[in-house]
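Residue 597 is where the sequence shown starts when you use my numbering, and the numbers rise one by one after that.
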Amino acid sequence: MHQTLEAIHQRVLDRNPGETEFHQAVHEVLESIGPAVDKHPEYAQARIVERICEPERQIIFRVPWEDDNGDIHINRGFRVEFNSALGPFKGGLRFHPSVMLGTVKFLGFEQVFKNALTGLPIGGGKGGSDFDPRGRSDREVMRFCQSFMTELYRHIGEYTDVPAGDMGVGSRELGFLFGQYKRITNRYESGVLTGKGLVYGGAQVRREATGYGCTYFVERVLRTRGDGFEGKDVVVSGSGNVALYTVEKVHQLGGRVVAVSDSSGVVHDPEGVDLELLKEIKEVRRERLDVYAEKIGHAEYAADRSIWDIPCQVALPSATQNELDADGAAALARNGCLVVGEGANMPTTPEAARVLHEGGVIFAPGKAANAGGVAASALEMQQNASRDSWSFEHSENRLREIMIDLHDRCHATAEEYGRPGDYVAGANIAGYSRVAEAMLALGLV
Ligand code: GLU
597 MHQTLEAIHQ RVLDRNPGET EFHQAVHEVL ESIGPAVDKH PEYAQARIVE RICEPERQII
657 FRVPWEDDNG DIHINRGFRV EFNSALGPFK GGLRFHPSVM LGTVKFLGFE QVFKNALTGL
717 PIGGGKGGSD FDPRGRSDRE VMRFCQSFMT ELYRHIGEYT DVPAGDMGVG SRELGFLFGQ
777 YKRITNRYES GVLTGKGLVY GGAQVRREAT GYGCTYFVER VLRTRGDGFE GKDVVVSGSG
837 NVALYTVEKV HQLGGRVVAV SDSSGVVHDP EGVDLELLKE IKEVRRERLD VYAEKIGHAE
897 YAADRSIWDI PCQVALPSAT QNELDADGAA ALARNGCLVV GEGANMPTTP EAARVLHEGG
957 VIFAPGKAAN AGGVAASALE MQQNASRDSW SFEHSENRLR EIMIDLHDRC HATAEEYGRP
1017 GDYVAGANIA GYSRVAEAML ALGLV
């Protein structure tokens, strides 16, 4: 690592003890922006990197709520407002029992660069709670969301901070959150949240955008090499919002998704995953994946198998952080995988990324490949601000253009800095440069 950056990195480790995912995210960025730091000594003088690594504001709050039996639960809520140089803080809320401050900081840090890469006017932030919506009734989820928003509302706003969904926060949760915000503030402020339902200010293609965007990005990677999805076997880990719409777009572009997974296990369907059945199981019935294999005779379900052992030419990890380890990466490389594109945030461990690099597998990091979700959120904000709503077709075209531009910017930046084909360096340097330029212009704030 560059000497100046090494010292900054050490200070981040010392000042944020125990936040391993945040350390990992910071390390990945600082490791690759050395050439950009050398090129712009004025940024170093203004201590831009140190400032980027320190959130502008971190909010932690108590979320008390009552379950259907009248028992009281106390969860912890977070909102980390990381950087607003390019626009209002923007990023999702994650409800999952594993959520801690370090998780939210890693996600918020990634979001700063991701949002910069979209080229749209959005800063970076993230939030969430250690609340587990799984197994909770709709009324319990509503009470939790209302309590969460009763604190959060004072910190957010269409010009301040605009949350959206992430793991555990979908249209049901966003509806309850928006309802409570509207009630407390007495304002129909559509632009305060994105990912809203279509009837109350949501935008076409937001739901599909992360998965579609990731697929467009990887398609562009393949096209740059004179190739495409046609005839390719694809493995997509996860079966949440990102994974479902990745499967949909891969199939539309001529690829075949042969495996998906959830926290209970892996489904291998060599004839191509039946998307309608998968949506029914996951979006409507909220069931586990073993049901899939019960319905589709030739599909195999295994509770304890690694999805990365299944041969494919493209792998799209779309479940959660650090799900693809060095063994998984080695299996992918051995089986002839050409591209790994991250649909989730930081699903590839640093060791796995190294194995992929050494094995000649192209690696598209999440902050570039999964930026379609937040890009569509920025389009939702545009529509809300102008009280307009665009057609599905127009919205999808805009998303596609944004992902192609984003890919090309990462690709060109990697070449410019002497790292051709290195999308990690390209994404980190391009994202950093944009944020740094704006921070310098805004003075010491
Ligand atoms: N949670 C998504 C992400 O990781 C989307 C954030 C948003 O739309 O604000 O980028």
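From the three backbone atoms N, C-alpha and C, an ideal C-beta is built for every residue, glycine too. Predicted, not measured: the structure shown is a model, and the values here were computed from it.
Residue environment, residue i, which counts as buried when at least 16 other CB atoms sit within 10 Å
i                 : result
serine 743        : buried
glutamine 1055    : Given a span of 597 to 1041 for the chain in the structure shown, any question on residue 1055 remains unanswerable.
leucine 794       : exposed
threonine 820     : exposed
isoleucine 629    : buried
glutamine 599     : exposed
glutamine 641     : exposed
serine 973        : buried
phenylalanine 988 : exposed
asparagine 665    : exposed
alanine 1037      : exposed
arginine 816      : buried
valine 830        : buried
alanine 899       : exposed
asparagine 782    : exposed
histidine 990     : exposed
aspartate 667     : exposed
serine 957        : Strictly speaking, residue 957 in this sequence is valine, with serine absent from that position. By the neighbour-count rule (16 or more Cβ atoms within 10 Å), valine 957 is buried.
arginine 802      : buried
glycine 704       : buried
Anticipated Cβ contact below 8 Å, residue i with residue j, distance rounded
i               : j              : result
lysine 686      : isoleucine 656 : With 8 Å as the limit, lysine 686 and isoleucine 656 do not qualify as a contact, their Cβ atoms being about 20 Å apart.
asparagine 1024 : valine 625     : 5 Å
aspartate 757   : glycine 720    : That pair is no contact at about 10 Å.
valine 765      : glycine 688    : 7 Å
aspartate 762   : glycine 724    : 7 Å
isoleucine 906  : tyrosine 888   : Not really, about 15 Å apart at Cβ, beyond 8 Å.
glutamate 615   : lysine 701     : 6 Å
threonine 811   : threonine 842  : 6 Å
leucine 1002    : alanine 967    : 6 Å
tyrosine 1028   : alanine 1021   : With 8 Å as the limit, tyrosine 1028 and alanine 1021 do not qualify as a contact, their Cβ atoms being about 10 Å apart.
alanine 839     : glycine 807    : 7 Å
serine 914      : serine 982     : Serine 914 to serine 982, Cβ: 32 Å. No contact.
leucine 682     : valine 910     : Going by Cβ atoms, the distance from leucine 682 to valine 910 rounds to 31 Å, so no, they are not a contact pair.
Beta bridge counterpart(s) of residue i as assigned by DSSP
i              : result
glutamate 896  : His864
asparagine 671 : Val659
isoleucine 958 : Val935
threonine 944  : Leu920
serine 725     : Gly673 and Phe691
valine 1041    : Note: valine 1041 sits in no beta bridge, so no partner.
arginine 852   : Asp829
aspartate 762  : Val765
Coil, strand or helix - residue i by DSSP
i              : result
histidine 654  : For the record, residue 654 in the displayed sequence is glutamine; it is not histidine. Strand at glutamine 654.
lysine 571     : Because the chain in this structure spans residues 597 to 1041, residue 571 falls outside the shown range and cannot be described.
asparagine 665 : coil
alanine 911    : strand
arginine 816   : helix
glutamate 677  : strand
alanine 927    : helix
proline 717    : coil
serine 857     : strand
glycine 753    : strand
serine 743     : helix
serine 1042    : Outside the shown range of the chain, which is 597 to 1041, sits residue 1042, and nothing can be said about it.
alanine 632    : helix
proline 1016   : coil
arginine 884   : coil
valine 801     : coil
alanine 967    : coil
proline 613    : coil
glutamate 646  : helix
tyrosine 784   : coil
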